[in-house]
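Participant: Residue numbers (full-length UniProt numbering), protein chains in the order written: chain A, 1 to 564; chain B, 1 to 197.
C-beta: ideal position from N, C-alpha, C; glycine also.
1. Quick check: the Cα distance between residue 72 (chain A) and residue 66 (chain A), rounded to an integer number of angstroms?
2. So who's on the other strand from residue 334 (chain A), going by DSSP bridges?
3. Starting from the Cα of residue 141 (chain A), find the closest Cα among B:175, B:106, B:55, B:143 and give me that residue.
4. Are there 16 or more other CB atoms within 10 angstroms of the CB of residue 46 (chain A), so buried, or fewer, so exposed?
5. May I have the straight-line CA-CA distance separating residue 79 (chain A) from residue 513 (chain A), to the nearest angstrom?
6. Are any of the Cβ atoms in chain B nearer than 8 Å to that of residue 279 (chain A)?
7. Can you list, in chain order, the residues of its chain whose CB lies under 8 Å from that of residue 65 (chain B), leaving out five sequence neighbours each side?
8. Going by other Cβ atoms of all chains shown within 10 Å of its Cβ, with 16 needed for buried, is residue 116 (chain B) buried or exposed?
9. Residue range of the beta strand (DSSP E) that residue 461 (chain A) falls in?
10. Can you name the start and end residues of the alpha helix (DSSP H) that residue 168 (chain B) belongs to?
11. When the Cα atoms are used, what is the spatial distance from residue 26 (chain B) to residue 36 (chain B)?
12. Restricting to runs no shorter than 3 residues, where is the beta strand (DSSP E) found entirely within the segment 487 to 531 of chain A?
13. Please give the ranges of any alpha helix (DSSP H) in the segment 77 to 151 of chain B, keeping only runs that are unbroken, at least 4 residues long and fully inside the region.
14. Taking the straight line between their C-alpha atoms, what separation do you get for residue 408 (chain A) and residue 432 (chain A)?
15. Cβ of residue 169 (chain B) less than 8 Å from any chain A Cβ?
16. So what does DSSP say about residue 161 (chain A), is it helix, strand or coil?
17. From which residue to which residue does the beta strand (DSSP E) around residue 217 (chain A) run?
18. Please confirm whether residue 373 (chain A) has its beta-carbon closer than 8 Å to some beta-carbon of chain B.
19. Within the 8 Å Cβ cut-off, does residue 386 (chain A) reach chain B?
20. Going straight from the alpha carbon of residue 539 (chain A) to that of residue 515 (chain A), what length do you get?
21. Determine the closest residue to residue 214 (chain A) out of A:234, A:286, A:159, with distance taken between C-alpha atoms.
22. Between residue 77 (chain B) and chain A, is the shortest Cβ-Cβ distance under 8 Å, so that the two count as touching?
23. Classify residue 198 (chain B) as helix, strand or coil using the three-state DSSP reduction.
24. Helix or strand or just coil, what does DSSP make of residue 366 (chain A)?
25. Can you give the Cα-Cα distance for residue 87 (chain B) and residue 136 (chain B), rounded to whole angstroms?
26. Tell me the rounded alpha-carbon separation between residue 97 (chain A) and residue 123 (chain A).
27. Excluding the 5 residues flanking residue 419 (chain A) on each side, which residues of the same chain have their C-beta closer than 6 Å to its C-beta?
28. Does residue 166 (chain B) get closer than 8 Å to chain A when you measure Cβ to Cβ?
29. For a contact defined as C-beta to C-beta under 7 Å, what are the partners of residue 496 (chain A) on chain B?
30. Show which residues of chain B have a CB atom less than 7 Å away from the CB atom of residue 419 (chain A).
31. Measure the alpha-carbon distance for residue 436 (chain A) versus residue 397 (chain A) and round it to whole angstroms.
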């Protein structure tokens with residue numbers, strides 16, 4: 001015990017100097033106080049979130065990770081390009097780190113930008129095992145700013161990850177607090193008529209989904225750098241300064257809509273890669289994504305950083321202020337969006353026998369049943385009028401299309417253009433279709449209808465350029481994360497298409513990304529919603545061949561851990 | 001947007017851009033004299049300053065001039081994106097950014113090129129969307145151009161790129177007037193790089 005405390009103290013004093021190339025990280029049981037509740041969790045160097053690791057592009061880092069838990073652990077360096085043995089996914093990159101053991105990671109830093117790290121074992125990440133990575137570029141930053149802050153978001157839940165998973169399996173709507181009630185039904189009947197309302201409810205019931213199914217896991221407290229709304233994380237500035245904010249969404253399950261009322265934000269980086277600057281009033285940050293923004297603050301007053309969850313069931317709040325203790329108004333949360341018929345358009349419907357329903361296995365639409373649908377009903381649904389904004393990354397008429405609280409500019413994926421393309425633009429050598437599938441009621445999530453444990457790996461050849469076609473057949477939004485290689489998001493800008501490590505796929509949409517297969521070995525590829533990944537929306541990628549690496553055999557091997 | 005609509009919007013843009021140009025060139029006249037200075041004459045040039053545009057910043061990021069001095073700016077775009085070099089006050093830059101946002105929205109200004117045909121289209125009334133204010137140049141990657149400018153008197157000026165987002169990301173430079181350098185204690189330049197958890 002004493003030893004443990006000593007380790008924590010030393011860790012606080014010694015390492016993490018800027019640009020040091022050797023780091024020590026201990027994985028510890030910690031207390032997490034959100035202001036709303038105190039919960040035992042897992043942290044690094046005695047705290048959750050863990051430290052901000054500052055690397056410099058071009059250096060070689062050595063990181064000694066000591067597991068002080070009584071269970072296996074691992075650290076995945078999210079978004080970092082490195083040899084696959086260093087990627088930290090148990091069962092794919094390495095066996096994991098045993099209790100009491102110290103594992104030494106060693107890899108070169110070949111990129112710059114904002115990233116993060118987290119455990120890839122069980123539900124340690126939702127339980128608090130995450131931290132930030134900031135990599136200084138070899139040359140100068142292509143921006144000017146006076147100071148910078150990491151703004152790391154998470155959705156801290158009073159229940160442990162294991163308990164949440166059990167509850168979801170037992171009842172997928174366990175944490176869905178915004179379910180429509182009998183009262184809602186009566187209200188809506190008054191507006192739309194009894195039969196129309198009844199038909200609407202039956203249709204959604206048939207899909208094993210509800211209009212409120214935007215957030216599977218509600219009841220969390222949004223944190224910024226470990227602090228709840230009342231604890232109010234505060235970043236200081238001097239009037240006249242430009243401040244760079246490095247937003248990281250380390251949530252288990254929650255997308256956030258982020259704004260700083262009174263300030264325009266200039267987005268300069270997405271997922272660690274510089275983008276051509278875009279001025280916005282608000283942006284949506286998917287799970288595991290990062291966005292860097294620069295704000296120019298002239299007034300000597302406080303500003304609220306307000307991050308509402310996409311389903312509006314919770315929020316995170318922090319403050320930018322000229323001095324400690326100053327605060328600004330905290331806005332009310334907006335009304336929860338409702339999913340619409342458009343969001344279920346990609347959803348496979350079967351109005352016949354519900355017992356046999358498995359979205360994944362049903363590749364064909366039942367067109368006979370489709371005809372049975374009363375299309376006049378659809379007109380009456382929240383299909384949206386002419387006033388709805390358009391965004392090709394949401395289904396037309398989707399209830400999820402975001403709008404800025406002040407009526408201004410909301411960032412879209414289509415605004416993201418690489419500042420400096422990393423790869424030559426070329427035709428992909430082939431296309432791989434990945435249908436994102438699931439059965440909400442059983443809380444089973446899968447790819448092409450097959451869960452991870454039943455699936456063969458996706459085999460890629462070193463040197464090819466693969467086009468991935470994501471078809472989201474579910475009504476949830478899935479942040480798809482490919483390890484080890486960049487995801488080149490298709491936004492229709494050719495060589496300027498941005499590099500990402502997470503590609504968010506909204507319900508009923510098809511999204512393309514391309515990958516230059518330039519990293520030999522085996523890699524994880526999964527939905528970054530913790531409980532989706534753990535219930536099967538996960539694949540192993542095997543890259544065969546390579547310049548100096550033994551050819552992978554493509555076989556599944558041993559323990560297929562690496563949930564979340 | 002269809003072609004018809006695009007064309008229908010052009011006159012509105014021309015108006016906006018022209019008024020911007022006048023605002024930039026003449027607005028300050030109301031306050032007695034050309035506060036930002038005026039186009040200079042070749043024969044008055046006392047020195048040449050090379051300015052390099054990169055993505056998205058300038059080299060140098062600060063220049064020093066004397067009141068009354070006429071300077072030749074040799075501006076070269078060595079970046080991969082379109083950039084502007086514009087001499088003005090912070091307020092003027094802000095106003096101009098709205099105009100340039102419009103140019104982007106209407107497809108005149110792409111990330112890495114300018115649609116010259118569209119920009120130089122004669123609207124039949126002698127106006128075009130030409131970006132030809134004397135205090136600025138708008139350059140595609142690889143292009144170079146010169147501005148001869150006379151700084152008539154000390155003022156709070158910046159040179160800036162008003163391509164949407166670029167100024168906010170830090171593509172601006174300070175123009176210090178030598179007589180007033182001491183008075184201007186502006187925090188500027190390098191990041192302090194501090195992070196607080």
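Facilitator: Reading off the structure:
1. Translated into the one-based positions of the first chain, residue 72 (chain A) becomes position 72. Translated into the one-based positions of the first chain, residue 66 (chain A) becomes position 66. Distance between the alpha carbons of residue 72 (chain A) and residue 66 (chain A) is about 11 Å.
2. Mapped onto the first chain, residue 334 (chain A) falls at position 334. Note: residue 334 (chain A) sits in no beta bridge, so no partner.
3. Your numbering for residue 141 (chain A) matches position 141 in the first chain. Across the set B:175, B:106, B:55, B:143, the C-alpha of B:55 shows the shortest separation from the C-alpha of residue 141 (chain A).
4. Looking up residue 46 (chain A) in the first chain gives position 46. Counting Cβ neighbours within 10 Å, residue 46 (chain A) comes out buried, since at least 16 surround it.
5. Mapped onto the first chain, residue 79 (chain A) falls at position 79. Mapped onto the first chain, residue 513 (chain A) falls at position 513. In a straight line, the C-alpha of residue 79 (chain A) is about 16 Å away from that of residue 513 (chain A).
6. Taking the first chain and counting its residues from 1, the one referred to as residue 279 (chain A) is at position 279. It does; some Cβ of chain B falls within 8 Å.
7. The residue you call residue 65 (chain B) lines up with position 65 of the second chain. Cβ neighbours of residue 65 (chain B) beyond the five flanking positions: 71, 151, 175, 176, 177, 178.
8. Position 116 of the second chain, counted from the start, is the residue given in the question as residue 116 (chain B). It is exposed - the Cβ of residue 116 (chain B) has fewer than 16 other Cβ atoms within 10 Å.
9. Taking the first residue of the first chain as position 1, residue 461 (chain A) is located at position 461. Segment 458 to 461, the beta strand (DSSP E) holding residue 461 (chain A).
10. Your numbering for residue 168 (chain B) matches position 168 in the second chain. That run of the alpha helix (DSSP H) goes 166 to 169.
11. Within the second chain, residue 26 (chain B) is the residue found at index 26, counting from 1. Within the second chain, residue 36 (chain B) is the residue found at index 36, counting from 1. Only weak support is given to the placement of residue 26 (chain B): the predicted model assigns it a pLDDT of 38, under 50, and the value that follows is read from those uncertain coordinates. Cα-Cα distance, rounded: 9 Å.
12. Taking only runs of at least 3 residues, the beta strand (DSSP E) segments lying wholly in the segment 487 to 531 of chain A are 487 to 489, 502 to 505, 510 to 516, 521 to 527.
13. 90 to 105, 116 to 120
14. Here residue 408 (chain A) refers to the residue found at position 408 when the first chain is read from its first residue. Here residue 432 (chain A) refers to the residue found at position 432 when the first chain is read from its first residue. Approximately 37 Å between the Cα atoms of the pair.
15. For the purposes of this step, residue 169 (chain B) is taken as the residue at position 169 of the second chain. Chain A has a Cβ within less than 8 Å of the Cβ of residue 169 (chain B).
16. Residue mapping note: residue 161 (chain A) aligns to position 161 of the first chain, counting from 1. It is helical.
17. Translated into positions along the first chain, residue 217 (chain A) becomes position 217. Per DSSP, residue 217 (chain A) belongs to no beta strand (DSSP E) and is neither H nor E.
18. The residue labelled residue 373 (chain A) in the question sits at position 373 within the first chain. Reliability fails at residue 373 (chain A), whose pLDDT of 39 lies under 50, so the model's placement of it is uncertain and the value that follows must be treated cautiously. No, no contact with chain B.
19. As a position in the first chain, residue 386 (chain A) is number 386, starting the count at 1. Note on residue 386 (chain A): pLDDT 45, under 50, position unreliable in the model; the coordinate value appears next. No, residue 386 (chain A) lies away from the interface with chain B (no Cβ there is under 8 Å from its Cβ).
20. Stepping through the first chain from its first residue, residue 539 (chain A) is reached at position 539. Stepping through the first chain from its first residue, residue 515 (chain A) is reached at position 515. Their Cα atoms are separated by approximately 16 Å.
21. Residue 214 (chain A) sits at position 214 when you count from the first residue of the first chain. Each of A:234, A:286, A:159 was checked against the Cα of residue 214 (chain A), and the nearest Cα belongs to A:286.
22. Within the second chain, the letter at position 77 stands for residue 77 (chain B). It does not; no Cβ of chain A falls within 8 Å.
23. No information on residue 198 (chain B) is available, as it lies outside the stretch 1 to 197 that chain B covers here.
24. For the purposes of this step, residue 366 (chain A) is taken as residue 366 along the first chain, with counting starting at 1. Confidence at residue 366 (chain A) is low in this model, with a pLDDT of 39, below 50, so the placement of that residue is unreliable and no value is reported for it.
25. Indexing the second chain from 1 puts residue 87 (chain B) at position 87. Indexing the second chain from 1 puts residue 136 (chain B) at position 136. Distance between the alpha carbons of residue 87 (chain B) and residue 136 (chain B) is about 6 Å.
26. On the first chain, residue 97 (chain A) is found 97 positions in, with the first residue counted as 1. On the first chain, residue 123 (chain A) is found 123 positions in, with the first residue counted as 1. The alpha-carbon of residue 97 (chain A) is positioned some 15 Å away from that of residue 123 (chain A).
27. Working through the first chain from its first residue, we reach residue 419 (chain A) at position 419. 274, 275, 276.
28. Here residue 166 (chain B) refers to the residue found at position 166 when the second chain is read from its first residue. Yes, its Cβ sits closer than 8 Å to a Cβ of chain A.
29. On the first chain, residue 496 (chain A) is found 496 positions in, with the first residue counted as 1. In chain order: 111.
30. For this step, residue 419 (chain A) is matched to residue 419 along the first chain. Under the 7 Å cutoff, chain B gives 55.
31. Reading the first chain from its first residue, position 436 is the one you call residue 436 (chain A). Reading the first chain from its first residue, position 397 is the one you call residue 397 (chain A). Distance between the alpha carbons of residue 436 (chain A) and residue 397 (chain A) is about 20 Å.
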